[in-house]
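Number of protein chains: 2
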Amino acid sequence: MLGRLNHVAIAVPDLARGTEVYRSMLGATVSAPQAEPAHGVTVVFVELPNTKIELLEPLGENSPIRAFLEKNPAGGIHHVCYEVADILAARDHLKAEGARVLGDGTPKIGAHGKPVLFLHPKDFCGTLVELEQA
Amino acid sequence: MLGRLNHVAIAVPDLARGTEVYRSMLGATVSAPQAEPAHGVTVVFVELPNTKIELLEPLGENSPIRAFLEKNPAGGIHHVCYEVADILAARDHLKAEGARVLGDGTPKIGAHGKPVLFLHPKDFCGTLVELEQA
């Protein structure tokens, strides 16, 4: 079922600083910031040869990463995103296995324009997992 | 400078349970557990098409992930590992940029038999970063 690691998302308090860390210190190819108001974040994409890192800064009062940054003021890894071929089949399999899918289980359209679901960290080794239909 | 994402390391309190989550729930290809006494962990490798996830369980009293699991009893993402072509050049560049390299800055031989260094989370968006010479 599990496909590629689509991305690792790192929440940062200061996107300009995060960009500098990845561009100047680590020497990676880093995109311009992209506001995603529907998802409450501004994103910078760090392109690696085999996957990408997404640096996320809160955007708006209801940003889903605001509480995380209050607990982790220096930033931190917020979630990992795995690709699946069929997100509804993945959801049904996970629910049958007893895992908790966040929300009402209906995939939403994610920041890449594809259906996504989030899985409960308590059921996945303490890790917030996003599934994205590839 | 930054090459492939070599792995994402997830610390888990119970490797058998973590293996079941990735094998049965998520349907991934998962290795047998491998004890790494020199590194204080037992590791299971989750093979994805483009990278791998390493599930780490503490091994021995001085395991470097024991304190992390005390703070995060359900487990959590412990570090990310990026490949670099020349670890000494990477270290010298990072130190010149003002970043903190953990330990005395001398690469150690990591669990894959290659030279590795760890970088201070405070200087890298709150994320513990391992560099491995590819």
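Quick mapping for you: the protein sequence lines, in order, are chains A and B. Using the numbering used here, the final residue of the first sequence is 137, and nothing's skipped along the way. Using the numbering used here, the final residue of the second sequence is 137, and nothing's skipped along the way. Built from N, CA and C at the ideal position, the CB exists for glycine as well. Just so you know, these numbers come straight off a predicted model, no measurement behind them.
- Nearest to V49/B by alpha-carbon distance, out of L62/B, A31/B and H82/B, is A31/B.
- Residue-level contact by beta carbon holds for H96/A and chain B, with a gap shorter than 9 Å.
- Beta bridge pairing from DSSP links H82/B with A12/B.
- Across the structure, A114/B and G6/B are spaced so that their CA atoms are roughly 18 Å apart.
- Checking the DSSP bridge columns, you'll see F48/A partnered with E57/A.
- DSSP places T109/A in the coil class of the three-state scheme, outside both helix and strand.
- Excluding its 5 nearest sequence neighbours in each direction, V47/A has C-beta neighbours in its own chain below 7 Å: L18, G21, T22, V33, S34, P36 and L58, listed in chain order.
- When Cβ pairs closer than 8 Å are counted between the two stretches, the region 70-85 of chain A is seen to touch the region 117-137 of chain A, the count reaching three or more.
- Taking all protein chains in view, the Cβ of L72/B is crowded by 16 or more other Cβ atoms within 10 Å, so the residue is classified as buried.
- Under the Cβ distance rule, I13/A counts among the residues neighbouring chain B, one pair being separated by less than 9 Å.
- Contacts with chain A at 9 Å (Cβ-Cβ) include T54/B.
- If you compare the alpha carbons of L120/A, M4/A, N9/A and V24/A with that of G129/B, the shortest gap goes to V24/A.
- Within the same chain, Cβ atoms closer than 8 Å to the Cβ of I13/B are found at G21, I56, E57, L58, L59, G78, G79, I80 and H81, the five residues on either side in sequence being excluded.
- For F127/A, there is no enclosing beta strand (DSSP E), as DSSP marks it with neither H nor E.
- Close to L62/B, with beta-carbon spacing below 9 Å, lies no residue of chain A; the smallest spacing is near 17 Å.
- In its chain, beyond the 5 residues on either side, I90, A93, R94, V104, L105, G106, G108, P110, K111, E133 and L134 have a beta carbon closer than 8 Å to the beta carbon of L120/A.
- L51/B and G116/B have their alpha carbons spaced roughly 21 Å apart.
- Listed along the chain, the chain B residues whose CB falls inside 7 Å of the CB of P110/A amount to none; the nearest CB is some 17 Å away.
- Contacts with chain B at 9 Å (Cβ-Cβ) do not include R103/A.
- In this structure, DSSP gives P40/A a helical state, which the three-state scheme calls helix.
- Between F127/B and chain A, the shortest Cβ-Cβ separation is below 9 Å.
- L97/B and A99/A have their alpha carbons spaced roughly 48 Å apart.
- Counting only the Cα atoms, G101/B lies some 43 Å from M28/B.
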